[in-house]
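A quick write-up on the structure given underneath.
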Amino acid sequence: MGIFEAILLTVITAATPLVLAAIGELVTERSGVLNLGVEGMMVMGAACAFIATQQTGSSYVGILAGIASGALFSLLFGFLTLTLVANQVATGLALTILGLGVSGMIGEAYVGQSGIKLPQIVFPFLSDIPFLGALLFKQDLIFYLSIALVAGVHWFLFRSRAGLKLRAVGDSHSSAHALGINVIRTRYLAVMFGGACAGLAGAQLSLVYTPQWAENMSAGRGWIALALVVFASWRPWRIVAGGYLFGAVSISQLYAQAFGIGIPSQFLSALPYLATIVVLILISHNRRTTLINTPAALGKSFVPDR
Amino acid sequence: MKKLLLALATTAAVIGFSAAASAADKAKICFVYVGSKTDGGWTQAHDLGRQELEKALGDKIETQFLENVPEGPDAERAIERLARSGCGLIFTTSFGFMDATVKIAAKFPDVKFEHATGYKTGPNLATYNSRFYEGRYIQGQIAAKISKNGVAGYIASFPIPEVVMGINSFLIGARSVNPEFKLKVVWANTWFDPGKEADAAKALIDQGVDVLTQHTDTTAPMQVAAERGIKAFGQASDMIKAGPQTQLTAIVDTWGPYYIKRTQALLDGKWETASSWDGLKDGILTMAPYTNMPDDVKALAEATEAKIKSGELKPFTGPLKKQDGSEWLAAGASSDDGTLLGMNFYVEGVDDKLPQ
Amino acid sequence: MRIELERRPDVSKLFSILSPFIALGLTIFFGGIMFMLLGKDPVSALYSFFIEPLMEVWSLHELAIKAAPLILIAVGLSVCYRSNNWNIGAEGQFIMGAISGSILPVVFYEWHSPLVLPLMMVLGMLGGALFAGIPAFLKAHLNTNEILTSLMLVYVAQLFLDWLVRGPWRNPGGMNFPETRTFDASAILPEMIASGRAHWGFGFAIIAAILIWFMMRYTLKGFEITVLGQSERAGRFAGFSSRKMIWFSMLLSGALAGLAGIAEVSGAIQQLRPVISPGYGFTAIIVAFLGRLNPLGIVVAGLVLALTYLGGEAVQVSLQISDKPIRVFQGLLLFFVLSCDTLIHYKIRMMWYDLTKTTGEGAR
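Chains as they are written, first to last, in the working numbering: chain F, 145 to 450; chain B, 17 to 372; chain D, 2 to 365.
This is the structure in structure tokens:
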């Protein structure tokens, strides 16, 4: 296996949690809700997945725990912003703080323990394809889920009736309501889906990336995921492109250092962020396409009138 | 009436005295941590030292701590709070607390302060440090013996003198066994980030290193090394559980003996300011058991450890050249502590550039 | 069973005042339960958290020190958010302001003069404003989303500071540790009152809050900000340019964040280090919302949030617990404050039966 494949393997592991959290947030935002609590939900997912795995001995139970904890945690956000109509930005930030605090508290007893890594699932014929086979068909379950989710969300949003309704809610909740769509319920489901995905992303961190629990182990990935949603102009497959671009630039700087390239490490570390800005400028300059893709009702609260 | 008053006064006096006495009974020893006491690394090691202190002198002292204190004005406030709450001796366990400790020490001349890894002292402010580099030297020797490719990987955190010292000492130790030994360095720019450390480990292993060492605190690199089947060294704590077939040894920070020593001095009224830099022989760091290596390598490691403890061997002893080729230490000459504490250059053979 | 919200015809004055207290009450209740579950006395825990930090003069000074950057940044952010420009990069502007203000004491360290300090403050504001100008430009002229650009630039600013402090600006006499020279006395922001450490950063915060409040309430500019934030179309009809507002609000909040940065570095830290902020720029976003984007409310919110930090430490010392329950407590407080604020705009009704079902009784 050459160095190029090795780098790509590392990039895949690094990009998967970003893609997962971002695709979930994409659905949430497409329904018009801005949930800034992705970091909190992700770290809760990581903690719960790890704890469940350690307690039961099965990493698959851990995955379920991660998903469930993310979804439940997001329910808290949903209740405040959808039922009590609290400000979405502030509530999302509060969710992040709470998530970091609670996960730290419940995970305290598990620090330093080595976890059970999720096993690889090998596809018999496909994995023998040179180059691509080793990269794509010998991965863990969560990677496959991430790709499946992106495909699924794309189909859901653009090919299904329910997805159309969700997009309608996100573009104009009052019109959707007038059409008889239950705006609040749609948004609740979208928020919970976002939470489940963020929780799954967290599970990837503590079950695949580094099978252990450490406080704040999400290390800002939730914020990157939020940025990725905007970067992708709320289109699912672009999330994959953005996530892998970001992951690739972040990882490459470490390989470059190991190779001996003498650029200051701070500059190399800044590259992914600068690259994101540059690409964003390039794809945003057409005002019309940007506006078409942005959910018009994003962040606005909705109260059904009687 | 008079009798009643007398009785009351006596009772009050007795209560007062016993309260004062019980307050004077137990000295309060306090700790300021930069990280979480369950971080599995730097701060946890300090907290283990605190717990040892409690076990040893628990009948005469009580301890208290503040964790996750950010460096800067928050640190000043945290230290002041401890000083005001009756602490007699305060240990501030991160370099970044230096100026905060200096300021508060000046404000509270009756309280004693000890700052870890710093260099500013005062009449009531001491500093203490550990000669981690002694452990790195031993690690370097082991690495050179174990490695088949002749290259080791070093996951470094930040380019501060302590880390540079470690890198240099590791390479010097390695080259004492194999003069052609090479070292690849990756700067993770973090003390504690499992994801980043794992990625750095992968980057190094993919480029051919077959021994890994780290100056970051999580077990992530050890896990990656275990997965990839190469050997690694643990850091700040014994990481054998993360790599039962992987860990060769680890530098374990054992602050307990030092804390006990200084607290006892305080209790005896003999506490004095000092700038101590203890090493293996003082027990401020210990090496985790040597495992996963052939017996002759183990024997070499133990012998080297003994030599360092006895003072016979000093890692930074010439002939040594700097990375730029200039002479640093002549044959037989040892470096002074001052140069080490401010170390900002590599020795010859390190494949990396330091920011100047 | 359903919860239904009925919008009040008018903002409830009663609840405007009551809601923070209800939130406080709920937090105390649930927080007390949490402490009990941890085996600690809830009364002393709550006393240490809320009352103890207010009892001593030195603690009040610490409160001001902690609150100052939060208030200063949040006041600027409130203008941004009211005009619908979502500046998330205040942390980066804080850092760049600190760097540009520190040029004088670090590079021109030989120059001592009463002019140094005011010049530093001005440079700090300029640096923060210019850095905020980048996302402003990208939004105004290249239609790029400012949330993302300002957020990405935070990381860039942090890495730039790290590089500066480890490289070109490293203190030659500092044993090669990553820090700049310590500032000369002429470059240190003096204390406001002799009884403690609180420096003039707090003064700036209060002055800024009052000025911005005045601007928002009594000037045409304030009206412009509010209108453009609520409806861009309406603003255009009134002759307001939303493009110019992007520049105005971002530059203003950048300047205030930059001022907070240089004030913090000059008053509290007195040198530059790799990390000069424990996340002020992000915490200020919360303060801005807790203060309901009103500068005077922000002053109170900033002080309350600072109190939770100080209280958290006091509880750690007095109860010997780790800091994790404290953070949970802070999160709970925020949650309750946000939920209770609903009561100001809406009446809550519990619907025990469903009116939407048109099967017979209850309908029509």
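Note that beta-carbon positions come from the ideal geometry of N, C-alpha and C, so glycine has one too.
Since this is a predicted model, take the numbers as computed values, not measurements.
Run through DSSP, which three-state label would B:Y49 get?
-> Note: B:Y49 maps to coil in three-state DSSP.
Would B:F332 count as contacting chain D if we go by Cβ distances under 8 Å?
-> Chain D, which has no Cβ nearer than 8 Å to the Cβ of B:F332, makes this no.
D:S250 versus F:G343: straight-line alpha-carbon distance, rounded | Cα-Cα distance, rounded: 36 Å.
Identify which residue in F:I147, F:V171 and F:G146 has its Cα closest to the Cα of F:W378.
-> F:V171
Which residue or residues does DSSP assign as beta-bridge partners of D:R8?
-> D:Y347
Got a sec: is the Cβ-Cβ distance from B:L82 to anything in chain F below 8 Å?
-> Cβ-Cβ to chain F under 8 Å: no for B:L82.
Where B:W203 sits in the DSSP three-state scheme | strand
What residues in the segment 165 to 181 of chain D bring their beta carbon closer than 8 Å to a beta carbon of chain B?
-> R167, G168, M176, N177, F178 and P179
Quick one: give me the first and last residue of the beta strand (DSSP E) that B:K128 is part of.
-> K128 to A132
Contacts around D:Q317, its chain only, beta-carbon distance under 8 Å, and the 5 residues preceding and following it disregarded | S323, D324 and I327
Since I believe F:E183 is in contact with F:G243 (beta carbons under 8 Å), could you give me their beta-carbon distance rounded to a whole number of angstroms?
-> The Cβ separation is near 7 Å, so the contact holds.
8 Å Cβ cutoff met for F:L279 and F:E149 = yes
Secondary structure at D:I322, three-state DSSP: helix, strand or coil?
-> coil
Span of the alpha helix (DSSP H) holding B:T59?
-> Element bounds for B:T59: W58 to L73.
Do B:E83 and B:Y49 come within 8 Å of each other at the CB atom, strictly closer than that value?
-> yes
Give, in chain order, every unbroken run of the alpha helix (DSSP H) that is at least 4 residues long and sits entirely within the segment 128 to 193 of chain D.
-> 147 to 167
At a Cβ cut of 9 Å, what residues of the segment 90 to 115 of chain B count as close to chain D, listed as they run along the chain?
-> Look at the segment 90 to 115 of chain B: the residues with a C-beta under 9 Å from a C-beta of chain D are D90, E92, R93, A94, E96, R97, L98, R100, S101, F111, G112, M114 and D115.
Count the other CB atoms within 10 Å of the CB of B:N165; is the residue buried (16 or more) or exposed (fewer)?
-> The residue in question, B:N165, is exposed, as its Cβ has fewer than 16 Cβ neighbours within 10 Å.
Taking any Cβ of chain B, which residues in the segment 252 to 270 of chain F have a Cβ under 7 Å from it, in chain order?
-> E252, V255, G256 and S258
Whose C-beta lies closer than 8 Å to the C-beta of B:S253 among residues of the same chain, with five residues either side of it excluded?
-> G56, G57, Q60, A61, A266, V268 and D269
Chain B within 8 Å of D:S323, Cβ atoms only = yes
Just tell me which of B:V127, B:G365, B:A116 and B:K338 has its CA closest to the CA of B:T355.
-> B:K338
Going along chain B, which residues have a C-beta under 7 Å from F:P355?
-> Q239
Counted within 10 angstroms of its Cβ, other Cβ atoms place F:N430 as buried (16 or more) or exposed = exposed
Assuming D:L116 and D:E180 make a contact with CB atoms under 8 Å, what is their CB distance in whole Å?
-> At roughly 25 Å, the Cβ-Cβ gap does not stay under 8 Å, so D:L116 and D:E180 are not in contact.
Where does D:R234 fall in DSSP's three states?
-> helix
So which residues of chain B does F:F403 contact, with C-beta pairs closer than 9 Å?
-> K200, A219 and Q223
Alpha helix (DSSP H) segments (min. 4 residues) lying fully within the segment 231 to 314 of chain D = Runs found: 233 to 238, 243 to 265 and 281 to 291.
Return the first residue and the last residue of the beta strand (DSSP E) that B:F81 is part of.
-> Element bounds for B:F81: I77 to L82.
Are the C-beta of B:P210 and some C-beta of chain F separated by less than 8 Å?
-> yes
Taking C-beta pairs closer than 9 Å, name the residues in chain C that B:F174 reaches, listed in chain order.
-> The structure shown contains no chain C; its protein chains are F, B and D.
The segment 6 to 20 of chain D: which residues have C-beta closer than 7 Å to a C-beta of chain F, in chain order?
-> The residues in question are L6 and R8.
CB contact flag (B:G182, B:H231, <8 Å) = yes
CA-to-CA distance, D:V123 to F:T200, given in whole angstroms = Taking the straight line from one Cα to the other gives about 60 Å.
Within the same chain, show all residues whose beta-carbon is closer than 6 Å to that of B:E130, passing over the 5 residues directly before and after it, in chain order.
-> Only F107, A142 and Y144 meet the Cβ criterion.
Three-state secondary structure assigned by DSSP to F:R365 = Helix.
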